[in-house]
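First up is the structure itself, then whatever we jot down about it.
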Amino acid sequence: MLELLNEAYRIEYIRGGYLPKLSILDKLVIMLSYYCNYRIMENTTFDYAVSKSTICESVKWVEDILIKSKDFSLPKKRELINNIDIEVVLVDVTECEIGRPKKQ
29 MLELLNEAYR IEYIRGGYLP KLSILDKLVI MLSYYCNYRI MENTTFDYAV SKSTICESVK
89 WVEDILIKSK DFSLPKKREL INNIDIEVVL VDVTECEIGR PKKQ
């Protein structure tokens, strides 16, 4: 993953420009912790001392790079639909009346 991100960073910033506040490794760690632990972005902003928008942009950038690569892409919808091994689970969610004491 880190190699893909390094290559994308090199291509994106080949002509120079404004350097990001977070390193590539930091961006990867933030994205992985965001999805693994469902961590709130405000907590992450406190740890890295950057704004919430910077964290959001970092997660989005890493997602886009990994989605574009063939190694980390998800299967297409047709492939999932054509999968015959589908397991169906039924859950009873009917409402039940709660017996509460009447007010006097």
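For the sequence shown, position 75 (counting from the first letter as 1) is numbered 103 according to the numbering used here, and the numbering increases by one without interruption.
Every residue gets a Cβ at the ideal spot worked out from N, C-alpha and C, and that includes glycine.
It should be emphasised that the depicted structure is a prediction, and the values quoted were computed from it without experimental measurement.
Counted as a single uninterrupted DSSP element, the alpha helix (DSSP H) harbouring Phe-74 occupies residues 69-76. Per the C-alpha coordinates, the member of Glu-85, Phe-74, Ile-68, Gln-132 positioned closest to Leu-56 is Glu-85.
Between Leu-60 and the set Trp-89, Glu-35, Ile-39, Glu-40, the nearest pair of CA atoms involves Trp-89.
About 14 Å separates the beta carbon of Leu-50 from that of Ile-93, a gap too long to meet the 8 Å contact definition.
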